[in-house]
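Residue numbers (our numbering), protein chains in the order written: chain A, 164 to 639; chain B, 98 to 883.
Built from N, CA and C at the ideal position, the CB exists for glycine as well.
What follows is the structure in C-alpha cells.
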C-alpha cells in the first residue's frame with residue numbers, strides 16, 4: 164500500500180470516526196451501523212413495482228438484455244420479465260423440480276443457403292429434476308429437454324465456444340445445444356459451485372475450495388472433450404463464494420474466510436491475495452466472508468466483506484473501507500442508476516446506495532432527465548466528477564492517483580421483507596432486486612416515470628401529433 | 098357550496114312553481130280560487146268545494162309504484178307496492194278505486210260486438226289536488242274464468258313531484274310498457290293453453306251429446322224395457338213427450354255449444370295472431386314451458402300475496418293465473434320495475450336535474466378528479482375524444498379543451514338524496530361500457546350508513562365476521578353461492594369497488610335469505626345495476642350519512658390532524674391502528690377522513706377494517722386503512738411498511754407522519770375554525786379543494802401535456818436549452834405551489850394520469866393489466882402526540 168493512500172485512508176477513517184481495519188472477529192457487532200441521511204434527498208428510487216408472480220423462493224435473476232431479465236424459482240417455473248411492465252412477459256413452465264440456475268447464450272446455426280449464420284438467443288435452465296431445458300427467448304417455447312445429466316444441475320455456463328455450454332452438479336458436463344452430452348468430467352466429489360468462462364476458450368470451475376481450469380474444444384474437428392489444464396494454487400481456505408471476471412486478463416475468486424484472490428487468466432497464476440486474514444480461526448459466523456466482488460474500470464475491485472465494503476486496487480491496496488455498511492452480511496454488489504450509485508444488498512433486507520457527496524439540496528430523483536456529462540470512468544461517475552481527465556493525468560504523474568473521494572451512504576431502499584439476494588441494473592435506470600421473500604421489486608426513478616407517463620398521455624391524446632400539425636394550421 | 102346554493106334555488110323554484118301551476122281535478126271552482134292568487138285573506142271565500150274523495154290529507158314522502166287489480170268481488174284493490182313499504186300513510190285502495198274507476202275495458206270488443214280482441218295498454222296521468230301525481234298504466238290479463246275473460250290491472254307510479262313525473266315520463270312509460278309486455282306475453286300463453294283445454298272439453302261434450310241424442314232415439318225403448326218392467330205402459334206417451342223436449346233442448350244446447358266452440362276458436366285465432374306479434378325478449382320459450390307446467394302441477398310454494406287470494410272468486414283457473422303472475426313477477430318484473438325505480442325512485446327532481454346537467458362534465462371518467470367521492474374537476478371535460486377502433490388512439494382538438502368545475506356538495510346531493518345515479522349519457526366514447534374503476538365506484542361507498550353496519554353487526558352477533566370484511570374480493574367471489582354469484586355475473590371482474598365489496602360480504606354473512614328481511618327495498622334496488630346490462634345507467638347506493646361527518650370534532654380533537662390530512666391528500670397510505678374493541682370508533686374516523694381520499698379507482702382505496710399485517714403490496718391499493726392492532730404496532734406493521742405509511746395509533750392518539758409544510762391546508766383548516774357545523778366545514782374544505790384542483794388542472798395542461806417539455810424533445814435540443822429546463826417542482830413554484838402542497842398537486846395529477854393510462858390499457862387489445870406503482874416517500878416521520 165502506498166504511503167499516500169495509507170494517509171488518505173487514515174484521514175477518511177479518522178474523519179468518519181471509524182475504527183481502523185482488522186478488528187478481532189465478533190467485535191464488529193458493537194460498532195454502530197451507518198445511518199441513512201434524513202429524507203434521503205439523493206435516493207432516486209421513489210417508485211416501485213412489486214412483482215409477486217412466483218409462489219416460492221426465487222433462486223436468482225439474470226439479465227437478458229437492456230430491459231429484460233429472467234427469474235428462476237423453486238415453484239418449478241422461470242419467468243421472463245421486462246422492466247417496463249409489472250406483469251410477466253413469458254412464464255416458462257415444464258420443469259418438475261425447483262429451477263435453480265440459468266444461463267443465456269447464443270445459438271448459432273450455420274446454414275449453407277445463407278451467407279451469415281442464423282443467431283438466436285436461447286435460455287438454459289437447470290433444475291433439481293436433473294434436466295436442463297433449452298428455451299427460445301423469442302417465443303418462450305421449450306426447444307429441448309436434456310435428460311442425461313443424472314445429477315442435480317447447479318451451475319450452467321456459456322463456454323464462450325459456439326453452441327457449447329457447461330453444466331455442473333456433482334460432475335462437470337459439456338453439452339452442445341443440439342442436446343448431445345459431449346463429455347463428463349468427474350471431479351473430487353464436491354459439488355460444483357461456480358463455472359466461469361475466461362479467454363482462450365477456457366473455463367474455471369470452482370468446487371468447494373478448489374479451482375480448476377479446463378480447455379473447451381474450440382473446433383468440431385478435434386475431440387469434443389474438456390481437457391484439464393491446471394488446478395489453481397493455492398486453494399482457498401474455505402468454500403469459494405464468488406468467481407468473477409475482473410478484466411480481460413484477470414479474474415477474481417473470493418471465499419468464506421474472506422480471502423480474495425486475483426488470478427491472471429493467461430498464465431493461470433495468482434496475482435495477489437487480498438483481505439487475507441493471517442491468523443485465521445474458523446469462526447462459524449464468518450465475519451469476513453466475501454460474497455461478492457465487483458470490478459470497476461478493470462482496475463478497481465469493490466468487495467463485500469462481511470457486513471462491510473472495501474475498495475481495492477489491483478496492486479492490493481485497500482483505498483476505502485466501510486466496515487459496518489449494513490446490519491447484516493452483504494450478498495451482492497452492483498452499479499445502478501447509470502453507474503451513479505453502488506448498490507449493496509444485504510441479508511438485513513435493505514439495499515443501500517453509495518455514491519459521491521453530491522449537492523445535497525439538489526435531489527437526484529429525475530436528475531437523469533437533465534443532461535449529464537458521461538464520464539469515461541465508472542469510478543469517476545460513481546464518485547463524482549471531481550477527478551476530470553486532465554486532473555487525473557496530473558494526479559497519475561504525481562503518483563497520487565488513489566486520492567479519491569470516498570463513497571458515502573446516500574440512500575437505503577427498503578421494501579423486501581427478507582434478505583435481498585441480487586440486484587440488477589438496466590438501461591432505463593431501473594434497478595431490479597430479488598429477495599428471499601419471493602418477490603422481485605422494480606425500483607424506478609419516480610420523476611422520470613412521471614415524465615414518461617406524461618409522454619404516454621400526450622401520445623394517447625395525440626398531443627404530439629397535434630403539435631406537429633399546428634404550425635401549418637396557424638400559418639394558414 | 099356553489100352547487101348547494103344552486104340546488105336550493107332550484108328546489109324553491111320547483112316548489113313554488115308547483116303551487117302556481119296546479120292542475121286540480123277537483124273542479125273548476127277550485128281551479129278558479131287558486132288561479133287568482135294572491136287574494137287578500139279576507140277575500141278568500143269561506144266555501145271550499147268538497148271533493149268526492151275522503152279528504153284525509155294524504156302524504157307521500159317518497160315515490161312508489163302501486164300495482165292494482167279490478168277484483169270482481171271487492172272492486173279495485175291494491176295488490177303490491179314497490180318498495181314494499183311505499184306509501185305507508187297513503188290509502189292505496191282508495192287510490193286504486195280512483196285510478197280504476199274508468200272502465201277502459203268498455204272498449205272490449207268481446208262485450209260490445211261479441212268478438213274477442215286483445216286490448217292494448219292504455220296509460221293516463223292523474224294529478225291530484227293533494228299533491229299526488231301519478232302515471233297510471235292500465236293493462237289487461239286474460240283469464241278464462243273471469244268475467245268477459247278479462248282481468249284489468251294497472252300499475253301506477255305515484256310521486257309528490259309533478260315536475261319529476263313529467264321530466265321522466267318518457268322513461269317511465271317505456272319501462273312500464275316493457276313490464277306489461279312481459280306480463281301479457283306470459284299471460285297470453287297461459288290463456289291460450291286454458292282455451293285449448295276448454296275447446297277440447299267442449300268438443301268432447303259435443304261429441305258425447307251427439308252420441309247421446311243418437312242413442313236416445315234408438316236405444317231408449319230397450320233401456321226402458323229393462324228398467325220399467327213394473328211401471329207398465331201407462332206413462333209411455335208422457336215419457337215420449339219428455340224425451341222429445343229433451344231432444345230439442347239437447348239440440349239447442351248443441352247449437353249453442355257449437356257457437357261457443359266457434360267463439361273459442363275465434364279467440365284462439367286472435368290470440369295466435371297477437372302472440373306472433375309479441376317478441377318475448379329474454380323470456381325464452383323453454384322458460385315459459387317449465388313455468389307453465391309448474392303452474393299446472395301447482396308445485397309452487399304458497400303465495401305470499403294474501404290480498405290476492407282473498408278476492409279470487411274462482412279456484413283452479415284463477416289460482417293458476419295468479420300463480421302465473423307470481424311466477425312471472427319472480428322472473429321478470431322485479432328486475433324490470435326496479436329498473437324503473439332505481440332511475441328516479443326516491444330522488445328529488447332537483448337532484449335528477451342537476452345530475453342531468455352535470456353528467457356531461459363527468460365524462461370522460463378517466464380524467465375526472467374526485468376527492469372523498471366528491472367530484473372536483475374534470476381535466477378533459479368537453480374534449481372531443483373519439484376512440485378510433487384501429488389505432489385505439491384518441492383524436493382530439495386541443496382548442497376545445499377547457500376546464501369545467503363541478504361540485505357536488507353534500508348539501509345538494511348527498512344529504513338530500515338518498516340515492517345517486519348516473520344518467521344514460523354517462524357512457525361517453527371515452528369509457529364504453531362504463532368500465533370498472535370509473536364511475537361505478539364514484540358513488541359507491543365503503544359504508545352504507547350507520548344502520549347497515551348496525552344490521553350487519555346485529556345479525557352477526559358474537560362471531561363478528563364483519564371483521565373479515567377486508568378479505569380480498571377474490572375470496573368473496575369464490576365463496577359465493579349460486580344465488581349471489583348470479584348477481585355477480587355481469588360484474589366486471591375487476592370492478593369491486595368498496596361499496597360493492599362490502600355489500601357482497603355483508604350479503605354473504607347474512608346469507609341470501611335474510612337479505613330481504615333487513616332492507617328489502619334497498620337490496621332489491623341495489624342488485625339492479627349489477628344485473629343490468631352495461632347500457633343501463635349506473636346506480637349507486639344510499640348514502641345516509643354524508644362523507645365527512647364529524648370533521649369538526651375531529652379537527653378540534655386532534656391537533657395533528659393537519660399532518661394526517663396532508664398524508665391522505667398526498668397519497669400516503671394512512672393506517673389507523675386500534676384494538677378490535679375500538680373497531681366502531683375507527684370506522685367512524687374513517688368515514689370522517691374519507692372526505693380527503695382522492696381518486697375513484699377500482700382499487701380498494703378505503704378498507705374500513707383490516708385484520709392481517711400490512712404488506713408493501715397493500716400500499717399500492719389501500720389509502721386509508723383501519724387496522725386491527727393485536728398487542729403491538731410492530732406486529733401488524735413491519736418496519737419497512739411503517740416507513741412509508743402514516744400511522745395513527747388510535748388508543749394512544751399518536752401519529753407518525755412527515756410533517757406538513759405548506760400553506761394550503763393551514764389556510765383551509767384555519768377557515769374551518771370559523772364555522773361550527775360539519776356541513777359548513779365540509780363546504781369550506783371542498784371549496785378549497787376546488788381551488789387546488791384548479792392548480793392541478795393548470796399543472797396538468799401546462800406542464801404535463803406541454804410538448805415543449807417533452808422528454809424526447811429535450812434530447813434533441815442543445816445544451817443551452819437544458820439550462821432552462823423546467824422541472825415539475827420549479828413549475829409548481831411558479832404557480833405558487835410549494836413544498837408539501839406540490840406533493841398534493843402532483844399526486845392529484847398522478848391520479849388522473851394513472852386513470853387515463855389504465856383506461857387506455859383497458860381498451861387496448863388485448864387488455865393489459867393495470868398495476869399501479871407504489872410511491873415511496875423517504876421523508877422522515879415525525880411523531881405527534883395528542
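Beta carbon proximity, residue 242 of chain A to chain B, threshold 8 Å: Here the question's residue 242 of chain A lines up with position 79 in the first chain. No, no contact with chain B.
Under 8 Å between C-beta atoms of residue 281 of chain A and residue 261 of chain A: As a position in the first chain, residue 281 of chain A is number 118, starting the count at 1. As a position in the first chain, residue 261 of chain A is number 98, starting the count at 1. No.
Straight-line gap, residue 871 of chain B to residue 208 of chain A (C-alpha atoms, nearest Å): In the second chain, residue 871 of chain B corresponds to position 774, counting from 1. In the first chain, residue 208 of chain A corresponds to position 45, counting from 1. Their backbone Cα atoms lie some 11 Å apart in a straight line.
C-beta contact flag for residue 492 of chain A and residue 470 of chain A at 8 Å: As a first step, residue 492 of chain A is located in the first chain; it is residue number 329 there, counting from the start. As a first step, residue 470 of chain A is located in the first chain; it is residue number 307 there, counting from the start. Result yes, Cβ atoms of residue 492 of chain A and residue 470 of chain A sit closer than 8 Å.
Contacts of residue 857 of chain B in chain A (Cβ-Cβ under 7 Å): Along the second chain, read from residue 1 onward, the residue named residue 857 of chain B stands at position 760. 623, listed in chain order.
Beta-carbon neighbours of residue 212 of chain A, restricted to chain B and to distances below 7 Å: Along the first chain, one-based indexing puts residue 212 of chain A at 49. The contacting residues are 868 and 870.
Residue 653 of chain B (DSSP reduced to helix, strand or coil): The count along the second chain starts at 1 and reaches residue 653 of chain B at position 556. Residue 653 of chain B: helix per DSSP, three-state reduction.
Under 8 Å between C-beta atoms of residue 241 of chain A and residue 249 of chain A: For this step, residue 241 of chain A is matched to residue 78 along the first chain. For this step, residue 249 of chain A is matched to residue 86 along the first chain. No; because the gap between Cβ atoms is not below 8 Å, this pair is not in contact.
Residue 669 of chain B, DSSP secondary structure in three states: Along the second chain, read from residue 1 onward, the residue named residue 669 of chain B stands at position 572. Of the three classes helix, strand and coil, the one that applies to residue 669 of chain B here is coil, per DSSP.
Beta-carbon separation (whole angstroms), residue 620 of chain A vs residue 196 of chain B, contact threshold 8 Å: Looking up residue 620 of chain A in the first chain gives position 457. Looking up residue 196 of chain B in the second chain gives position 99. The Cβ separation is near 56 Å, so there is no contact.
Assumed close pair residue 467 of chain A, residue 454 of chain A - CB separation to whole angstroms, cut-off 8 Å: Against the first chain, residue 467 of chain A aligns to sequence position 304. Against the first chain, residue 454 of chain A aligns to sequence position 291. The C-beta distance from residue 467 of chain A to residue 454 of chain A rounds to 5 Å, short enough to fall under 8 Å.
Residue closest to residue 702 of chain B, alpha-carbon to alpha-carbon, out of B:687, B:709, B:710 and B:708: Here residue 702 of chain B corresponds to residue number 605 of the second chain, with the count starting at 1. The option with the nearest alpha carbon to residue 702 of chain B is B:687.
Proximity test, Cβ basis, 8 Å: residue 863 of chain B and chain A: Residue mapping note: residue 863 of chain B aligns to position 766 of the second chain, counting from 1. It does not: the Cβ of residue 863 of chain B has no partner Cβ on chain A nearer than 8 Å.
Where residue 201 of chain A meets chain B, residues with beta-carbon distance less than 8 Å: Counting from 1 along the first chain, the entry for residue 201 of chain A is found at position 38. Per Cβ cutoff of 8 Å: 877.
Inter-stretch contact (C-beta, 8 Å, three-pair minimum) for the segment 394–401 of chain A and the segment 346–361 of chain A: The segment 394–401 of chain A is not in contact with the segment 346–361 of chain A.
Within chain B, partners of residue 302 of chain A - CB distance below 7 Å: Indexing the first chain from 1 puts residue 302 of chain A at position 139. Near residue 302 of chain A there are no residues of chain B at all, since even the closest Cβ is about 17 Å away, more than 7 Å.
Where residue 274 of chain A falls, given that 16 or more other Cβ within 10 Å makes a residue buried: Here the question's residue 274 of chain A lines up with position 111 in the first chain. With fewer than 16 other Cβ atoms within 10 Å, it is exposed.
Candidates B:752, B:249 and B:668: closest to residue 210 of chain A by CA position: The count along the first chain starts at 1 and reaches residue 210 of chain A at position 47. With distances taken between Cα atoms, residue 210 of chain A lies closest to B:668.
Three or more C-beta pairs below 8 Å linking the segment 238–256 of chain B and the segment 286–302 of chain B: yes
Closer than 8 Å to chain B by CB, residue 617 of chain A: Start at 1 with the first residue of the first chain, and residue 617 of chain A comes out as number 454. So, interface residue.
C-beta contact flag for residue 797 of chain B and residue 849 of chain B at 8 Å: Within the second chain, numbered from 1, the residue matching residue 797 of chain B stands at position 700. Within the second chain, numbered from 1, the residue matching residue 849 of chain B stands at position 752. Closer than 8 Å, so yes.
Near-chain B residues of the segment 236–264 of chain A (beta-carbon distance less than 7 Å), N- to C-terminal order: 249 and 250
Chain-ordered neighbours of residue 713 of chain B on chain A, where CB pairs are closer than 9 Å: Position 616 of the second chain holds residue 713 of chain B. Within 9 Å Cβ-Cβ: 211, 213, 578, 579, 580, 602 and 604.
Simplified DSSP assignment, three categories, for residue 686 of chain B: Working through the second chain from its first residue, we reach residue 686 of chain B at position 589. Residue state, collapsed to three classes: helix.
Beta-carbon contacts of residue 681 of chain B that lie in its chain and below 7 Å, excluding the five residues immediately before and after: Position 584 of the second chain, counting from 1, holds the residue named residue 681 of chain B. There are no such residues.
Per-residue contacts from residue 850 of chain B into chain A (C-beta, under 9 Å): On the second chain, residue 850 of chain B is found 753 positions in, with the first residue counted as 1. Ordered by position in chain A, the residues that pass the 9 Å Cβ test against residue 850 of chain B are 613, 616, 617, 619 and 620.
Interface residues of chain A facing residue 825 of chain B [CB-CB closer than 9 Å]: Taking the first residue of the second chain as position 1, residue 825 of chain B is located at position 728. Simply 529, 610, 613 and 614.
The segment 446–463 of chain A: positions lying closer than 9 Å to chain B by Cβ: none
For residue 763 of chain B and residue 827 of chain B, the rounded distance between their alpha carbons: Taking the first residue of the second chain as 1, we reach residue 827 of chain B at position 730. Taking the first residue of the second chain as 1, we reach residue 763 of chain B at position 666. If I take the Cα positions, the gap works out to 22 Å.
Neighbourhood of residue 373 of chain A by C-beta distance below 6 Å, restricted to the same chain and skipping five residues each side: Numbered from 1 along the first chain, position 210 holds the residue referred to as residue 373 of chain A. The residues are 398.
Limits of the alpha helix (DSSP H) - the one that residue 789 of chain B falls within: Your numbering for residue 789 of chain B matches position 692 in the second chain. Residues 775–795.
Alpha carbon of residue 194 of chain B to alpha carbon of residue 250 of chain B, nearest angstrom: Taking the second chain and counting its residues from 1, one reaches residue 194 of chain B at position 97. Taking the second chain and counting its residues from 1, one reaches residue 250 of chain B at position 153. Taking the straight line joining both Cα atoms gives about 12 Å.
Distance between residue 223 of chain B and residue 760 of chain B (C-alpha atoms, nearest Å): For the purposes of this step, residue 760 of chain B is taken as the residue at position 663 of the second chain. For the purposes of this step, residue 223 of chain B is taken as the residue at position 126 of the second chain. When rounded, the distance between both Cα atoms is 58 Å.
Test item: CB-CB of residue 236 of chain A and residue 221 of chain A under 8 Å: Within the first chain, residue 236 of chain A is the residue found at index 73, counting from 1. Within the first chain, residue 221 of chain A is the residue found at index 58, counting from 1. Yes, the Cβ-Cβ distance between residue 236 of chain A and residue 221 of chain A is below 8 Å.
Short CB-CB distance (under 8 Å) between residue 735 of chain B and chain A: Position 638 of the second chain holds residue 735 of chain B. For residue 735 of chain B, the nearest CB of chain A lies under 8 Å from its own CB, placing it at the interface with that chain.
In chain order, each alpha helix (DSSP H) run of at least 4 residues that lies wholly inside the segment 818–867 of chain B: Complete alpha helix (DSSP H) runs here, min 4: 825–831 and 836–860.
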